[in-house]
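For the protein sequence lines, the chains are A and B, in the order given.
According to the working numbering, the first sequence holds residues -19 to 57 in order.
According to the working numbering, the second sequence holds residues 3 to 257 in order.
Built from N, CA and C at the ideal position, the CB exists for glycine as well.
These numbers were taken from a predicted model, which means no experiment stands behind them.
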Amino acid sequence: MISEYTAKHRLTFADNLCKGCDLCAAACPKKIIKMDKTRVNAKGYNPAMCFDIENCIACGICAKICPDSVIKVERDV
Amino acid sequence: MAKVVYEKSRGLTDNPLSYCPGCTHGIIHKLVAESLVELDILERTIAIAPVGCSVLGYDYFNCDGVQASHGRAPAVATGIKRTNPDKIVFTYQGDGDLAAIGTAEIVHAAHRGENMTVFFVNNAIYGMTGGQMAPTTLIDMKTSTSPFGRQLEGTGQPILVSEMLSQIPSVYYIERVAAHDIPHLTKAKEAIKKALQNQVDGKGFSMVEILGTCPIGWAKTPADAMEFVKEKMLPYYPLGVYADKASNAGQGEVK
Ligand SMILES: Cc1ncc(C[n+]2csc(CCOP(=O)(O)OP(=O)(O)O)c2C)c(N)n1
Ligand code: SF4
Ligand code: SF4
Ligand code: SF4
Ligand SMILES: [Mg+2]
């Protein structure tokens, strides 16, 4: 589990479930998700990660499109 | 205070999905699972898994479940629903399962107007067995058994299941939706919930055809496969309501 915080929002990735499919990265309106080439998960994939959490708008699109329910999105209210 | 915008549905078990990266089966499973939770019927639902990539569906939906022989899910669902009328019974079937070997079962279940819900995942290919041509494969689409592209001559027209079944007077509700982007997923979930609610209300046979992908069988990246649904599948498989006795739509009427 890797969590990314801002003062506002939080993304939590269930890393070892990620299959590196790139659908979250393609769908994110802010284009702030990429596959992390520096890490390999238990399945052998480079897992998805947010590289610019400050620009996340907590829209939830990445999490909704993910076939493997890897991402949890929380919004500060 | 933090508000959860999205998290994994409790309508799914903790088992990791066996699907290939970016396959829409996982996304469609989420829509079904979320719908079961939101309608508060998860605890009394029985899933009928097919033969196909979703053969292990009963391990993924957090309700009871069994797996039927190839194409026979509507017959198994009939038996379970008739003997357990208080349960909510849905089948989850691929196009090879429902529109090839199982054509007879779905046509007869629809004619009998069985009070069941069918989720028909059309990815225009036999995914599980290595990407062979299905009756739903588009003309000119390349598969492992149509390496030069499917031709009308010899293999005929891709089968239009929703159009065909909507001609049956005992059908209550049929809609075709797609799973390639967020707006379409929102619409797909509405249709899935409606098809389940119809069964709760004892209305009869409801089916949602969901256009999905098979990135591996199509030899495309998951994102490109989503584009293929938009560019190639939607023109041949128009989305919309094909039958709805609640609103008198039907007989091929597309909204
Ligand atoms: C009686 C029988 N015939 C053939 C098969 C081989 N078989 C397994 S899955 C499949 C097709 C699955 O395609 P589809 O229903 O479209 O599911 P997908 O994998 O694409 O989701 C076939 C022909 C089988 N398992 N049993
Ligand atoms: S919540 Fe929205 S903005 Fe934030 S990473 Fe996901 S898709 Fe991008
Ligand atoms: S959509 Fe899900 S499985 Fe695919 S790369 Fe993103 S987090 Fe990983
Ligand atoms: S073979 Fe195709 S349909 Fe089956 S899991 Fe892989 S991508 Fe999905
Ligand atoms: Mg298929």
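Counting only C-beta atoms, is residue i closer than 8 Å to chain A at any point?
i                        : result
asparagine 64 (chain B)  : no
leucine 58 (chain B)     : no
valine 7 (chain B)       : yes
methionine 3 (chain B)   : yes
threonine 119 (chain B)  : no
threonine 85 (chain B)   : no
alanine 225 (chain B)    : yes
threonine 15 (chain B)   : no
threonine 26 (chain B)   : yes
isoleucine 184 (chain B) : yes
lysine 32 (chain B)      : yes
leucine 162 (chain B)    : no
lysine 195 (chain B)     : no
lysine 10 (chain B)      : yes
Assuming residue i and residue j are in contact, meaning their beta carbons sit under 8 Å apart, how far apart are those beta carbons, in whole angstroms?
i                       : j                       : result
valine 78 (chain B)     : isoleucine 50 (chain B) : 5 Å
asparagine -4 (chain A) : asparagine 35 (chain A) : About 26 Å; that fails the 8 Å criterion.
leucine 58 (chain B)    : serine 11 (chain B)     : Actually they do not touch by this definition, with Cβ atoms about 17 Å apart.
serine 168 (chain B)    : alanine 245 (chain B)   : 4 Å
arginine 46 (chain B)   : aspartate 99 (chain B)  : With a Cβ gap of about 25 Å, arginine 46 (chain B) and aspartate 99 (chain B) do not count as contacting.
glutamine 153 (chain B) : leucine 41 (chain B)    : Not a contact, Cβ separation roughly 44 Å.
Nearest by alpha-carbon distance to residue i: which of the options is it?
i                           : options                                : result
tyrosine 239 (chain B)      : B:Ala181, B:Thr85, B:Val34, B:Tyr8     : B:Ala181
lysine 92 (chain B)         : B:Gly24, B:Val202, B:Ile170            : The sequence given here has phenylalanine at residue 92 (chain B), not lysine. The option with the nearest alpha carbon to phenylalanine 92 (chain B) is B:Val202.
methionine 29 (chain A)     : A:Asp2, A:Pro47, A:Asp48               : A:Asp2
lysine 205 (chain B)        : B:Leu38, B:Tyr21, B:Ala112             : B:Ala112
lysine 232 (chain B)        : B:Ser11, B:Ile184, B:Tyr175            : B:Ile184
phenylalanine 63 (chain B)  : B:Lys32, B:Lys195, B:Leu100, B:Thr119  : B:Lys32
valine 39 (chain B)         : B:Ile90, B:Ala225, B:Thr85             : B:Ile90
alanine 102 (chain B)       : B:Leu167, B:Arg84, B:His72             : B:His72
arginine 310 (chain B)      : B:Tyr128, B:Ser146, B:Pro76            : Nothing can be reported for residue 310 (chain B): it is not among the residues displayed for chain B, which extend from 3 to 257.
valine 243 (chain B)        : B:Cys216, B:Trp220, B:Ile194, B:Met235 : B:Ile194
phenylalanine 122 (chain B) : B:Thr147, B:Thr138, B:Ser146           : B:Thr138
arginine 19 (chain A)       : A:Cys(-2), A:Ile45, A:Asp56            : A:Cys(-2)
phenylalanine 207 (chain B) : B:Leu140, B:Met118, B:Gly214, B:Pro160 : B:Met118
arginine 178 (chain B)      : B:Asp16, B:Ala221, B:Leu236            : B:Leu236
isoleucine 161 (chain B)    : B:Ile141, B:Cys22, B:Tyr175, B:Lys196  : B:Ile141
glycine 219 (chain B)       : B:Ile48, B:Lys144, B:Ile176            : B:Lys144
methionine 130 (chain B)    : B:Pro18, B:Asn17, B:Cys22, B:Ala106    : B:Cys22
histidine 110 (chain B)     : B:Gly54, B:Thr80, B:Cys55              : B:Thr80
isoleucine 212 (chain B)    : B:Val163, B:Tyr128, B:Ile48, B:Asp61   : B:Val163
Shorter than 7 Å, the distance from the beta carbon of residue i to the closest heavy atom of ligand 7, or not?
i                      : result
tyrosine 128 (chain B) : Absent from the structure shown: ligand 7. Ligands present: ligand 1, ligand 2, ligand 3, ligand 4 and ligand 5.
Does any residue of chain B bring its CB to less than 8 Å from the CB of residue i?
i                          : result
arginine -10 (chain A)     : yes
glutamate 54 (chain A)     : yes
alanine 38 (chain A)       : yes
valine 20 (chain A)        : no
isoleucine 12 (chain A)    : no
proline 27 (chain A)       : no
isoleucine 41 (chain A)    : yes
phenylalanine -7 (chain A) : no
glycine 65 (chain A)       : Here chain A comprises residues numbered -19 to 57, so residue 65 (chain A) is not present and cannot be evaluated.
aspartate 16 (chain A)     : no
isoleucine 45 (chain A)    : yes
For residue i and residue j, I'd like the C-alpha separation in whole angstroms.
i                        : j                           : result
isoleucine 29 (chain B)  : asparagine 124 (chain B)    : 14 Å
alanine 248 (chain B)    : threonine 223 (chain B)     : 40 Å
aspartate 66 (chain B)   : phenylalanine 150 (chain B) : 43 Å
glycine 24 (chain A)     : asparagine 250 (chain B)    : 52 Å
glycine 0 (chain A)      : glycine 40 (chain A)        : 18 Å
cysteine 4 (chain A)     : lysine -12 (chain A)        : 20 Å
lysine 52 (chain A)      : glycine 158 (chain B)       : 45 Å
methionine 209 (chain B) : alanine 70 (chain B)        : 18 Å
glycine 156 (chain B)    : threonine 147 (chain B)     : 13 Å
isoleucine 170 (chain B) : arginine -10 (chain A)      : 50 Å
glycine 96 (chain B)     : histidine 27 (chain B)      : 10 Å
glycine 104 (chain B)    : cysteine 216 (chain B)      : 20 Å
valine -6 (chain A)      : valine 50 (chain A)         : Per the sequence presented here, residue -6 (chain A) reads as alanine, with valine not at that position. Roughly 5 Å between the two C-alpha positions.
asparagine 86 (chain B)  : phenylalanine 230 (chain B) : 41 Å
aspartate 16 (chain A)   : arginine 74 (chain B)       : 43 Å
glutamate 192 (chain B)  : valine 57 (chain A)         : 27 Å
histidine 186 (chain B)  : alanine 43 (chain A)        : 15 Å
proline 52 (chain B)     : tyrosine 8 (chain B)        : 29 Å
For this session: Enumerate, from N- to C-terminal direction, the unbroken beta strand (DSSP E) stretches of 3 or more residues contained entirely within the stretch 19 to 97 of chain B.
Result: 47 to 51, 66 to 69, 90 to 96
For this session: Only counting runs of 3 or more residues, tell me where the beta strand (DSSP E) segments fall wholly within the stretch 90 to 157 of chain B, in order along the chain.
Result: Listed in chain order, they are 90 to 96, 119 to 124.
Problem set entry | Runs of alpha helix (DSSP H) wholly within the stretch 164 to 244 of chain B (minimum 4 residues, chain order) | 184 to 202, 217 to 220, 224 to 230
Exercise. Curious, which full-length beta strand (DSSP E) runs of at least 3 residues does the stretch 13 to 39 of chain A contain?
Worked result: 13 to 15, 28 to 30
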